[in-house]
Each structure stands twice: as structure tokens, then as C-alpha cells.
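So the structure is just underneath, and the comments pick up after that.
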């Protein structure tokens, strides 16, 4: 994004872009939790928390509390964090499987 977005009220398209990024974040959380969280209640809570967080970013952009760039960067940062967490969980699971196979 460029500087013009920081000084203007977000357009419908801008809100859509941030909402789409938030939806991708929520989908990523669902995928990671399905692979790594066995307890259904805990999985549901995790997914709900990520969805609420993503929605709060969209709301902040809609209300002008955050710029579009800030909202997208925050979502991107959370996606990276989830990716790292998911990779760490997969490594732990693989190590446990190797240990049981030995």
C-alpha cells in the first residue's frame, strides 16, 4: 500500500481487502487447529479467539483507528506467528511418532 491510503477514509474495497485477509487468517487457524488440537472444545475456543481478533482488526480499520496498512501488517504478523506455531507443533508430533516407532 502507499501513503495515499494513510490519509483517506477507507473505501469499501479497502475494507474488503482487510476483511479478506482476516478471513484467510481465520481459515489458517482452523487448519492448524484441526491438525494439532485434539480436544474439540479447545480447538473451538482457539478458532473463536483468532476470529474475534481478526474481526477486531477489521473493525479498527473501518472506524479509522488503524490504517489499512496497519491492519494488513497486523494480520500478516499473526499469520506468520500461526505458521511458526503450526510448524513447531508438527515437529513435536513427528518427534513423538519417531520416539514411539523406535
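Numbering (our numbering), first residue to last: 130 to 231. From the three backbone atoms N, C-alpha and C, an ideal C-beta is built for every residue, glycine too.
Using only alpha-carbon positions, find the residue among the options that is nearest to residue i.
i, options, result
"residue 139", "200, 217 and 169", "200"
"residue 244", "186, 156 and 187", "Residue 244 lies beyond the residue range present for the chain, which begins at 130 and ends at 231; the question has no answer from this structure."
"residue 162", "195, 179, 184 and 151", "179"
"residue 205", "159, 164, 147 and 167", "147"
Check whether the Cβ atoms of residue i and residue j lie closer than 8 Å to each other.
i, j, result
"residue 176", "residue 158", "yes"
"residue 184", "residue 215", "no"
"residue 302", "residue 190", "Within the shown structure, residues of the chain are numbered from 130 to 231, placing residue 302 beyond reach of any answer."
"residue 207", "residue 154", "yes"
For residue i, count the other beta carbons within 10 Å of its own beta carbon; 16 or more makes it buried, fewer makes it exposed. Which is it?
i, result
"residue 209", "exposed"
"residue 150", "buried"
Runs of alpha helix (DSSP H) wholly within the segment 133-178 (minimum 4 residues, chain order): 133-136 and 141-165
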